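This report refers to the structure that appears directly beneath it.
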């Protein structure tokens with residue numbers, strides 16, 4: 004009705020009376036009637052009693068009246084229930100500035116010359132508005148109680164404005180419209196001035212940037228995670244987070260004046276600098292290349308090594324890469340619960356995670372060697388902490404993919420020790436070459452720079468701290484840095500060893516499809532042509548490697564050598580012993596004199612077959628798990644008919660011929676049958692092929708780069724193995740392992756019969 008024609012004061016008063024009756028029913032009704040009230044009062048005074056005075060309906064008034072024409076605004080209804088207060092904000096203002104706080108968070112500011120001319124009520128309302136804006140993200144979609152010691156401001160907020168002070172009403176209008184846009188509901192309550200201590204202090208006293216400090220609970224959480232620092236670099240006696248501190252003004256308890264003027268090398272420090280100093284702090288850190296965090300992680304090396312050994316022992320050649328990507332660290336830890344080792348494994352994993360967190364930023368650009376050349380850990384790993392949700396593959400050291408995390412971490416920490424000892428020798432004018440040395444496999448905690456900041460360093464610092472009290476000057480703190488330095492060197496650096504760490508000495512995870520078998524030897528033959536050892540040489544090597552531990556150690560070293568040879572092209576005629584001792588720096592690779600004198604790089608495959616079959620023979624003789632590197636899918640057992648067929652086949656075969664058949668079958672298993680499905684272009688599943696056909700194919704094209712002329716009888720014997728027949732099932736490749744073991748059992752029986 005107010006939108007058309009001329010209106011009098013009576014008309015506007017009647018409209019306001021109707022709207023006033025809806026204040027408790029329509030949300031924000033009082034707020035949106037305030038512009039009409041102020042418009043009326045700007046043209047008409049109640050004391051005049053002239054109700055017929057004409058009031059102009061301006062375009063500005065029409066814009067405010069539009070809100071009332073929108074049925075969505077007036078038909079929503081207002082809840083009669085009391086709103087539950089979500090958060091409380093306390094504010095105050097003075098003639099110089101304002102302050103406010105939400106829980107333990109504060110905000111403050113100063114008034115410019117324009118604001119300083121405002122009435123105190125307006126300044127108090129502005130303080131409320133600015134404080135709400137500061138905490139906007141935390142108070143969105145909530146009901147907020149504003150506590151203020153100015154009763155006028157409290158009334159204006161609760162009444163959504165007023166008519167006594169148009170300026171204050173306009174401020175309230177802006178405040179409420181902003182709150183509505185953020186879905187914030189406001190309530191206001193008075194707080195006595197004597198109780199409004201913090202907000203009042205913030206409004207009057209400007210806190211210097213140097214006096215800021217992190218919440219102590221948060222700081223203690225950080226210290227529990229990373230250890231307790233020795234010194235707070237940017238503090239005062241009032242806000243220091245550690246006993247020792249640096250400050251920006253002279254103080255008799257301060258360690259130093261201006262943290263940026265002293266070296267930070269080797270310090271375990273806490274720095275919470277003013278924002279403006281952060282670039283200089285970063286520059287200072289780069290200048291002194293602080294290493295303490297990385298050095299601190301060296302103490303975790305024994306845990307990392309133990310963890311890797313336990314996991315390799317559990318999963319070596321039993322886990323595929325795909326399975327290692329789906330098995331999480333959390334699930335792996337649970338597997339140890341039934342063994343009563345849950346706490347031990349959890350502790351080892353936590354140490355690994357802590358060490359990773361200490362150095363992952365350094366690993367981002369760190370290059371380290373592998374058998375396949377220099378490499379880096381993928382940056383997507385270094386940019387994130389490792390958690391229990393990560394795949395277990397990040398804990399299993401390999402020379403590629405996820406396993407680089409485990410290998411790279413251990414290599415970095417060991418290299419960090421060596422580099423630090425080298426720098427230490429430069430400073431102390433010592434010869435690095437005179438330091439004791441230790442092989443990687445022999446490292447113990449006694450060889451490492453190992454310390455805990457809280458348990459080891461802090462007590463030493465406090466022991467060298469002296470307090471003196473002087474009348475009129477207070478307490479004075481002095482530190483005996485000379486004694487402290489000597490104690491640190493004696494305890495943590497004296498007699499520490501340089502770790503000799505050739506790549507081949509790092510224990511590596513071998514996945515099920517990557518063991519030293521068909522795939523590896525195929526890659527080897529592509530790099531270096533392979534030839535077989537003569538039977539005489541092979542037999543003599545086995546005779547000279549009688550001790551079972553020597554046999555296993557020789558095989559381990561040979562597997563490392565083959566892993567290296569398949570990655571780099573070498574001289575086929577180079578002595579294998581020379582390559583292992585001079586290139587790989589291995590000591591005493593062969594106990595056999597014949598192996599040292601006769602084996603060349605071109606014999607690596609044949610030597611491995613010779614030693615591996617000798618090891619398998621001994622394991623089978625002692626009922627141990629032979630063929631430990633062969634997958635379960637190739638270990639199907641023979642049935643009774645198949646065993647009877649093999650027994651009858653071997654009755655008229657001599658012991659020497661049976662020995663050669665064992666050798667051919669072993670080579671065929673290791674060089675042909677164990678090729679994983681999908682490795683070759685034809686994608687054959689070797690496990691499902693007949694063993695007879697596979698053996699015939701192998702002796703016609705053995706896996707050497709030299710023609711082998713097997714005796715003609717070998718073809719005849721193998722062809723006598725039936726592929727089908729009445730009541731007989733063909734022997735398949737997935738039964739080859741059991742066939743070899745059964746054949747070897749027959750061989751040992753014949754051998755014992757011949758002796759007697």
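Residue numbers (our numbering): 4 to 759.
From the three backbone atoms N, C-alpha and C, an ideal C-beta is built for every residue, glycine too.
Since the model is a prediction, treat every value here as computed from it, not as a measurement.
Local conformation of residue 625 per DSSP, three classes:
Counting from 1 along the chain shown, the entry for residue 625 is found at position 622. Note: residue 625 maps to coil in three-state DSSP.
For residue 361 and residue 300, believed in contact at Cβ under 8 angstroms, the rounded distance
As a working note, residue 300 is residue 297 in the chain shown. As a working note, residue 361 is residue 358 in the chain shown. Their Cβ separation, rounded to whole angstroms, is 4 angstroms, which keeps residue 300 and residue 361 in contact under 8 angstroms.
Just how far apart, CA to CA, sit residue 368 and residue 404?
Position 365 of the chain shown holds residue 368. Position 401 of the chain shown holds residue 404. About 16 angstroms.
Unbroken beta strand (DSSP E) run spanning residue 112, endpoints
Translated into positions along the chain shown, residue 112 becomes position 109. Its beta strand (DSSP E) spans residues 108-113.
Quick one: grab the DSSP three-state call for residue 38.
If you number the chain shown from 1, residue 38 lands on position 35. Helix at residue 38.
Nearest by alpha-carbon distance to residue 3: which of 560, 606, 574 is it?
For residue 3 there is no data in the structure shown, the boundaries of the chain being 4 and 759.
Less than 7 angstroms between the C-beta atoms of residue 618 and residue 575, yes or no?
Reading the chain shown from its first residue, position 615 is the one you call residue 618. Reading the chain shown from its first residue, position 572 is the one you call residue 575. In this structure, residue 618 sits away from residue 575, with a CB-CB distance that is not shorter than 7 angstroms.
For residue 278 and residue 262, believed in contact at Cβ under 8 angstroms, the rounded distance:
As a first step, residue 262 must be located in the chain shown, where it is residue number 259. As a first step, residue 278 must be located in the chain shown, where it is residue number 275. In fact, because the Cβ distance is near 15 angstroms, the residues do not count as touching under 8 angstroms.
Is residue 245 helix, strand or coil by DSSP?
Position 242 of the chain shown, counting from 1, holds the residue named residue 245. Three-state DSSP puts residue 245 in coil, outside helix and strand.
Quick check: what's the CA-CA separation for residue 164 versus residue 33?
Taking the chain shown and counting its residues from 1, the one referred to as residue 164 is at position 161. Taking the chain shown and counting its residues from 1, the one referred to as residue 33 is at position 30. Each residue's CA atom was taken as its position, placing residue 164 and residue 33 some 8 angstroms apart.
Kindly list the residues whose CB is nearer than 6 angstroms to the CB of residue 583, restricted to its own chain and excluding five residues on each side of it in sequence; keep chain order.
Along the chain shown, one-based indexing puts residue 583 at 580. Excluding positions up to five away in sequence, the list reads 564, 589, 592.
Residue 12 classed as buried or exposed, judged by whether at least 16 other C-beta atoms fall within 10 angstroms
On the chain shown, position 9 is the one that residue 12 refers to. With 16 or more other Cβ atoms from the protein chains shown falling within 10 Å of its own Cβ, residue 12 counts as buried.
Report buried or exposed for residue 483, applying the criterion of at least 16 other Cβ atoms within 10 angstroms of its Cβ.
On the chain shown, position 480 is the one that residue 483 refers to. By the 10 Å Cβ count, residue 483 comes out exposed.
In terms of residues, what are the limits of the beta strand (DSSP E) holding residue 102?
In the chain shown, residue 102 corresponds to position 99, counting from 1. Start and end: 100-105.
How far does the beta strand (DSSP E) with residue 61 in it extend, from its first residue to its last?
Here residue 61 is taken as the residue at index 58 of the chain shown, counted from 1. Residue 61 -> no beta strand (DSSP E), and no H or E assigned at all.
Just the Cα atoms here: how many angstroms apart are residue 21 and residue 15?
Residue numbering aside, residue 21 sits at position 18 when the chain shown is read from its first letter. Residue numbering aside, residue 15 sits at position 12 when the chain shown is read from its first letter. Spanning the two alpha carbons is a distance of roughly 10 angstroms.
Less than 7 angstroms between the beta carbons of residue 217 and residue 275, yes or no?
Numbered from its first residue, the chain shown carries residue 217 at position 214. Numbered from its first residue, the chain shown carries residue 275 at position 272. Taking the C-beta atoms as reference points, residue 275 is found nearer than 7 angstroms to residue 217.
Could you check which residue in 524, 601, 147, 536 has the C-alpha nearest to that of residue 568?
Working through the chain shown from its first residue, we reach residue 568 at position 565. Closest option to residue 568, Cα to Cα, is 524.
Residue span of the alpha helix (DSSP H) that contains residue 151, given as start and end
Position 148 of the chain shown, counted from the first residue, corresponds to residue 151. From DSSP, residue 151 is part of no alpha helix (DSSP H) but of the beta strand (DSSP E) over 146-151.
Cβ-based neighbour list, residue 350, same chain, cut-off 8 angstroms, excluding 5 preceding and 5 following
The residue labelled residue 350 in the question sits at position 347 within the chain shown. Cβ within range, chain order: 306.
According to DSSP, is residue 116 part of a helix, a strand, or is it coil?
As a first step, residue 116 is located in the chain shown; it is residue number 113 there, counting from the start. Secondary structure at residue 116: coil, using DSSP grouped into helix, strand and coil.
How many angstroms separate the CA atom of residue 102 from the CA atom of residue 56?
Counting from one through the chain shown, the residue named residue 102 turns up at place 99. Counting from one through the chain shown, the residue named residue 56 turns up at place 53. For residue 102 and residue 56, the distance between alpha carbons rounds to 46 angstroms.
Could you give the DSSP three-state label for residue 552: helix, strand or coil?
Locating residue 552 in the chain shown gives position 549, where the first residue counts as 1. Residue 552: helix per DSSP, three-state reduction.
Determine the direct distance from the alpha carbon of residue 630 to that of residue 684, and round the result to whole angstroms.
Within the chain shown, numbered from 1, the residue matching residue 684 stands at position 681. Within the chain shown, numbered from 1, the residue matching residue 630 stands at position 627. Residue confidence for residue 684 is low, a pLDDT of 44 falling below 50, so the modelled location carries little weight and cannot support an answer.
Could you spell out the range, first to last residue, of the beta strand (DSSP E) harbouring residue 93?
On the chain shown, residue 93 is found 90 positions in, with the first residue counted as 1. Unbroken beta strand (DSSP E) run through residue 93: 90-96.
Am I right that residue 433 and residue 499 are in contact with their C-beta atoms under 8 angstroms? What's the rounded C-beta distance?
As a first step, residue 433 must be located in the chain shown, where it is residue number 430. As a first step, residue 499 must be located in the chain shown, where it is residue number 496. Rounded, the Cβ-Cβ distance is 12 angstroms, inconsistent with contact.
To the nearest angstrom, report how far apart residue 407 and residue 415 are at their CA atoms.
Within the chain shown, the letter at position 404 stands for residue 407. Within the chain shown, the letter at position 412 stands for residue 415. CA-to-CA, the gap between residue 407 and residue 415 works out to about 11 angstroms.
Can you find at least 3 beta carbon pairs, one from the region 123-139 and one from the region 87-99, that sit closer than 8 angstroms?
Touching, per the Cβ criterion.
When you compare the CB positions of residue 513 and residue 320, do they come within less than 7 angstroms of one another, or not?
Working through the chain shown from its first residue, we reach residue 513 at position 510. Working through the chain shown from its first residue, we reach residue 320 at position 317. Between residue 513 and residue 320, the CB-CB gap stays under 7 angstroms.
Mapping the DSSP letters down to three states, classify residue 51 as helix, strand or coil.
Numbered from 1 along the chain shown, position 48 holds the residue referred to as residue 51. Three-state result, residue 51: helix.
Ordered along the chain, which non-local residues of its own chain (more than five positions away) have a Cβ less than 7 angstroms from that of residue 519?
Against the chain shown, residue 519 aligns to sequence position 516. In this predicted model, residue 519 has a pLDDT of only 49, less than 50, meaning its place in the structure is not dependable enough to derive any value.
Leaving out five residues on either side along the sequence, give the residues of the same chain with a beta carbon under 8 angstroms from the beta carbon of residue 10.
In the chain shown, counting from the first residue as 1, residue 10 sits at position 7. Excluding sequence neighbours, residue 10 sits near 57, 58, 60.
Length of the line joining the Cα atoms of residue 84 and residue 27
Looking up residue 84 in the chain shown gives position 81. Looking up residue 27 in the chain shown gives position 24. One C-alpha to the other measures close to 12 angstroms.
Rounded straight-line distance, which links the Cα of residue 462 to that of residue 120
Numbered from its first residue, the chain shown carries residue 120 at position 117. Numbered from its first residue, the chain shown carries residue 462 at position 459. Each residue's Cα considered, the two are about 58 angstroms apart.
Return the bridge partner residues of residue 578 from the DSSP annotation.
Position 575 of the chain shown, counted from the start, is the residue given in the question as residue 578. For residue 578, which the question treats as bridged, DSSP gives the partners 603.
Boundaries of the beta strand (DSSP E) in which residue 371 is found, first to last residue
Residue 371 sits at position 368 when you count from the first residue of the chain shown. Annotation: the continuous beta strand (DSSP E) that includes residue 371 extends over 371-373.
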